[in-house]
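Trainee:
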Amino acid sequence: MGAIFSSDKGMAQSSEEQPSAQSSEESLNFYIFGNPVTMSPSPDMQNVGFAVNGFPHKYHRFDSPDVAEVIAKLRSADCGGGSVTIPHKEGVHAVMDELSEAARITGAVNTVTKVDGRFKGDNTDWIGIKKQLESRLPSPLPSPLCCLLCGAGGTAKAAAYALKQMGAHRVLIYNRTLSRAEDLAAEFGFEACGDLNAGLEGLEELHVVVNTLPGNTGFCLPEGAASQILARSRPAVLEAAYIPRRTAFVKQALAAGCEVVEGIEMLFEQGCAQCEIWTGKPAPRAKIASALLKALFTEGSEHPAHPKMEPYDELPKSLVREAASGE
Numbered sequence: 001m002g003a004i005f006s007s008d009k010g011m012a013q014s015s016e017e018q019p020s021a022q023s024s025e026e027s028l029n030f031y032i033f034g035n036p037v038t039m040s041p042s043p044d045m046q047n048v049g050f051a052v053n054g055f056p057h058k059y060h061r062f063d064s065p066d067v068a069e070v071i072a073k074l075r076s077a078d079c080g081g082g083s084v085t086i087p088h089k090e091g092v093h094a095v096m097d098e099l100s101e102a103a104r105i106t107g108a109v110n111t112v113t114k115v116d117g118r119f120k121g122d123n124t125d126w127i128g129i130k131k132q133l134e135s136r137l138p139s140p141l142p143s144p145l146c147c148l149l150c151g152a153g154g155t156a157k158a159a160a161y162a163l164k165q166m167g168a169h170r171v172l173i174y175n176r177t178l179s180r181a182e183d184l185a186a187e188f189g190f191e192a193c194g195d196l197n198a199g200l201e202g203l204e205e206l207h208v209v210v211n212t213l214p215g216n217t218g219f220c221l222p223e224g225a226a227s228q229i230l231a232r233s234r235p236a237v238l239e240a241a242y243i244p245r246r247t248a249f250v251k252q253a254l255a256a257g258c259e260v261v262e263g264i265e266m267l268f269e270q271g272c273a274q275c276e277i278w279t280g281k282p283a284p285r286a287k288i289a290s291a292l293l294k295a296l297f298t299e300g301s302e303h304p305a306h307p308k309m310e311p312y313d314e315l316p317k318s319l320v321r322e323a324a325s326g327e
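Just so we're aligned, residue 1 is where the sequence shown starts under UniProt numbering, counting upward by one.
See the structure below:
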C-alpha cells in the first residue's frame with residue numbers, strides 16, 4: 001500500500017493520489033473499535049461513504065474494553081480494518097506493520113487498514129482538529145499562535161501534532177495527572193501545567209483551546225485567570241467529545257462568546273479522511289453530513305445517540321453547510 005501521508009508535513013495526499021486499499025468487489029467488514037461505542041454515529045458516516053463510492057463493505061460497532069479482542073477481530077479474514085477510539089488508540093498502535101508519519105509521531109492510531117494481512121495504522125484525528133480549527137480562525141493565522149490543550153491521551157497527542165502543524169508558537173498542556181502532561185509537552189516542545197489559573201496568569205491573548213478530556217467529567221475552565229482569558233480573548237474552541245453534545249466546557253465556551261467546534265464536527269472531518277483512505281476516492285461529504293444530521297437530529301430518530309444531541313434546533317454549523325453544498 002502506498003504512503004497515505006507525505007514525508008514532510010504528514011498531510012493526507014489528495015484523493016486522486018491515494019491508492020485504494022480495498023477491492024471494490026470483495027465485501028469486507030469494518031468496525032469502530034472502542035469502549036463505549038454503542039452510541040457512535042461512525043457507521044452512519046462510513047456506510048454512506050462505502051455505498052456512494054461503489055464499495056460493498058459494511059461498517060459496524062465493536063464494543064470491547066479488551067484490546068486483545070480488538071486485535072483478534074482485526075485479524076479475522078473478513079475484516080478490512082476500522083476506526084479506533086478510546087481506550088485502544090495506543091494499544092492498537094503497537095501491533096501495526098506500517099505507520100503513517102502522523103501515527104508514528106503521535107503514538108496513536110485511529111485508523112487501521114488491512115491489506116494482504118498486513119496492518120497500516122493512520123491517524124486522522126489531527127486532520128479533523130486542524131481543518132475545523134482553521135475554519136474558525138482568521139487567515140493568515142494569528143502569529144504568534146497561543147494555545148491551550150487539555151488532556152494527554154491519544155486524542156491529545158493528535159491535537160498536539162495538529163497544533164504543531166499549524167505553527168503554534170506556545171502551547172500549554174494541562175492534565176489532571178501532571179506527569180502525563182509533562183511527557184506530552186516534552187515530545188512536542190510545549191509547556192505543561194497542573195494548575196490552569198497559574199499557567200494562564202499573565203498571558204495577554206489565547207487563540208485556541210482544545211479539550212480532549214472525556215465529556216462526562218464535567219470539566220470546564222476554573223474561575224480566575226483561566227475563565228477570564230476565555231471571556232476576554234474568545235479563542236476558537238474545539239471540544240473532542242460529542243456525547244453529550246453540550247459538555248460543561250462547551251456550555252462555558254458558548255456563554256463566553258467563543259466560536260466552538262463541536263465534537264461531532266471533528267468526528268465528521270476525521271471520518272471523511274478515513275473514508276478517503278479506505279476507498280481511495282473523495283469522500284461524499286455532503287451525503288455524509290446529511291446522514292449525520294438525519295440520524296442524530298431528526299425528530300423521532302431512534303439512533304442511540306439522539307437523546308444526547310440537544311438542543312435539536314441548533315444544528316452544528318459546519319454540517320449544515322456541508323449538507324447544503326450537495327443540494
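For every residue, glycine included, the Cβ atom is placed at its ideal position computed from N, Cα and C.
Starting from Ala-192, follow its DSSP beta bridges and name the residues at the other end.
Mentor: Translated into the one-based positions of the sequence shown, residue 192 becomes position 192. The partner list for Ala-192 (beta bridge, DSSP) reads Ile-173.
Trainee: Cβ of Cys-275 within 8 Å of Cβ of Ala-283?
Mentor: Along the sequence shown, read from residue 1 onward, the residue named residue 275 stands at position 275. Along the sequence shown, read from residue 1 onward, the residue named residue 283 stands at position 283. The answer is yes: Cβ separation under 8 Å.
Trainee: Tell me where the beta strand (DSSP E) around Asp-63 begins and ends.
Mentor: The residue given as residue 63 occupies position 63 in the sequence shown. 58-63 is the extent of the beta strand (DSSP E) around Asp-63.
Trainee: Give every residue of the same chain whose Cβ lies closer than 6 Å to the Cβ of His-169, excluding the five residues on either side of it in the sequence, and list them in chain order.
Mentor: Translated into positions along the sequence shown, residue 169 becomes position 169. Cβ within range, chain order: Pro-144 and Leu-145.
Trainee: Are the CB atoms of Glu-259 and Gln-132 nearer to each other than 8 Å?
Mentor: Translated into the one-based positions of the sequence shown, residue 259 becomes position 259. Translated into the one-based positions of the sequence shown, residue 132 becomes position 132. Cβ atoms of Glu-259 and Gln-132: not closer than 8 Å.
Trainee: Please state whether the Cβ-Cβ distance between Ala-103 and Ile-129 is less than 8 Å.
Mentor: Here the question's residue 103 lines up with position 103 in the sequence shown. Here the question's residue 129 lines up with position 129 in the sequence shown. It is not a contact, given that the beta carbons lie outside the stated cut-off.
Trainee: Rounded to whole angstroms, how far is the Cβ of Leu-28 from the Cβ of His-57, which I believe are closer than 8 Å?
Mentor: Your numbering for residue 28 matches position 28 in the sequence shown. Your numbering for residue 57 matches position 57 in the sequence shown. Right, the Cβ-Cβ distance comes to about 5 Å (below 8 Å), so this counts as a contact.
Trainee: Taking 8 Å as the threshold (C-beta atoms), are Leu-230 and Ala-253 in contact?
Mentor: The count along the sequence shown starts at 1 and reaches residue 253 at position 253. The count along the sequence shown starts at 1 and reaches residue 230 at position 230. Taking 8 Å as the Cβ cut-off, Ala-253 and Leu-230 qualify as a contacting pair.
Trainee: What is the rounded straight-line gap between the Cα of Arg-232 and the Cα of Gly-81?
Mentor: To locate residue 232, count along the sequence shown from 1; it is residue 232. To locate residue 81, count along the sequence shown from 1; it is residue 81. One C-alpha to the other measures close to 45 Å.
Trainee: Measuring CB to CB, does Glu-269 end up less than 8 Å from Ile-173?
Mentor: Here residue 269 corresponds to residue number 269 of the sequence shown, with the count starting at 1. Here residue 173 corresponds to residue number 173 of the sequence shown, with the count starting at 1. Against a cut-off of 8 Å, the Cβ pair of Ile-173 and Glu-269 comes out as no contact.
Trainee: Would the stretch 236-245 count as touching the stretch 303-312 if we require 3 or more Cβ pairs under 8 Å?
Mentor: At 8 Å Cβ cutoff, the stretches touch.
Trainee: Select from Thr-279, Leu-293, Leu-141 and Thr-113 the residue whose C-alpha is nearest the C-alpha of Ala-51.
Mentor: Locating residue 51 in the sequence shown gives position 51, where the first residue counts as 1. Minimum Cα distance to Ala-51 is reached at Thr-279.
Trainee: What is the DSSP secondary structure of Cys-258, counted as helix, strand or coil?
Mentor: Working through the sequence shown from its first residue, we reach residue 258 at position 258. Cys-258: coil per DSSP, three-state reduction.
Trainee: Please state if the CB of Val-171 and the CB of Leu-149 are separated by a distance shorter than 8 Å.
Mentor: On the sequence shown, position 149 is the one that residue 149 refers to. On the sequence shown, position 171 is the one that residue 171 refers to. In contact: Leu-149 and Val-171 (Cβ atoms closer than 8 Å).
Trainee: Within the continuous beta strand (DSSP E) that includes Cys-220, where are the two ends?
Mentor: Along the sequence shown, one-based indexing puts residue 220 at 220. Here Cys-220 belongs to no beta strand (DSSP E), and DSSP marks it neither H nor E.
Trainee: For Leu-230, report the span of its alpha helix (DSSP H) as first-last.
Mentor: Indexing the sequence shown from 1 puts residue 230 at position 230. Where Leu-230 is concerned, the enclosing alpha helix (DSSP H) stretches over 225-233.
Trainee: So what does DSSP say about Ile-129, is it helix, strand or coil?
Mentor: The residue you call residue 129 lines up with position 129 of the sequence shown. Correct three-state label for Ile-129: helix.
Trainee: Beta-carbon within less than 6 Å of Gln-46's beta-carbon, same chain only, minus the 5 sequence neighbours each way: which residues are those?
Mentor: Within the sequence shown, residue 46 is the residue found at index 46, counting from 1. So the list reads Tyr-59, once near-sequence residues are dropped.
Trainee: Would you decide whether Gly-167 is buried or exposed? Buried here means 16 or more other CB atoms lie within 10 Å of its CB.
Mentor: If you number the sequence shown from 1, residue 167 lands on position 167. Result: exposed.
Trainee: Establish whether the CB of Leu-178 and some CB of chain D are separated by less than 8 Å.
Mentor: Given the protein chain composition of this structure (a single chain), no chain D is represented.
Trainee: What is the DSSP secondary structure of Gly-280, reduced to helix, strand or coil?
Mentor: Numbered from its first residue, the sequence shown carries residue 280 at position 280. DSSP places Gly-280 in coil when its eight states are reduced to three.
Trainee: Cα separation between Val-95 and Thr-106?
Mentor: By 1-based counting over the sequence shown, the position of residue 95 is 95. By 1-based counting over the sequence shown, the position of residue 106 is 106. Their Cα atoms are separated by approximately 15 Å.
Trainee: Mind listing, in chain order, the continuous beta strand (DSSP E) runs of no fewer than 3 residues lying wholly within the stretch 82-126?
Mentor: Those beta strand (DSSP E) runs which fall completely within the stretch 82-126 and span 3+ residues are 111-115 and 118-122.
Trainee: So is Ala-12 buried or exposed if we call it buried at 16+ other beta carbons inside 10 Å?
Mentor: Taking the first residue of the sequence shown as position 1, residue 12 is located at position 12. The pLDDT assigned to Ala-12 is 44, lower than 50, so where the model puts this residue is not dependable; a value taken from the coordinates is nonetheless given after this. Looking at its Cβ environment, which holds 16 or more other Cβ atoms inside 10 Å, Ala-12 is buried.
Trainee: Just to confirm before moving on: does the CB-CB distance between Glu-322 and Ala-291 stay below 8 Å?
Mentor: Here residue 322 refers to the residue found at position 322 when the sequence shown is read from its first residue. Here residue 291 refers to the residue found at position 291 when the sequence shown is read from its first residue. Not in contact: Glu-322 and Ala-291 (Cβ atoms no closer than 8 Å).
Trainee: Whose C-beta lies closer than 8 Å to the C-beta of Val-70 among residues of the same chain, with five residues either side of it excluded?
Mentor: Within the sequence shown, numbered from 1, the residue matching residue 70 stands at position 70. Around Val-70: Phe-33, Phe-62, Ser-64, Val-84, His-88, Gly-91 and Val-92.
Trainee: With a threshold of 16 other CB atoms inside 10 Å of the CB of Ala-186, please say whether the residue is buried or exposed.
Mentor: The residue you call residue 186 lines up with position 186 of the sequence shown. Burial call: exposed.
Trainee: So Ala-160 and Ala-108 are supposed to be a Cβ contact under 8 Å. How far apart are they, rounded?
Mentor: Translated into the one-based positions of the sequence shown, residue 160 becomes position 160. Translated into the one-based positions of the sequence shown, residue 108 becomes position 108. Not quite, the Cβ-Cβ distance comes to about 10 Å (not below 8 Å), so this is no contact.
Trainee: DSSP three-state call for Gly-199: helix, strand or coil?
Mentor: Working through the sequence shown from its first residue, we reach residue 199 at position 199. Helix at Gly-199.
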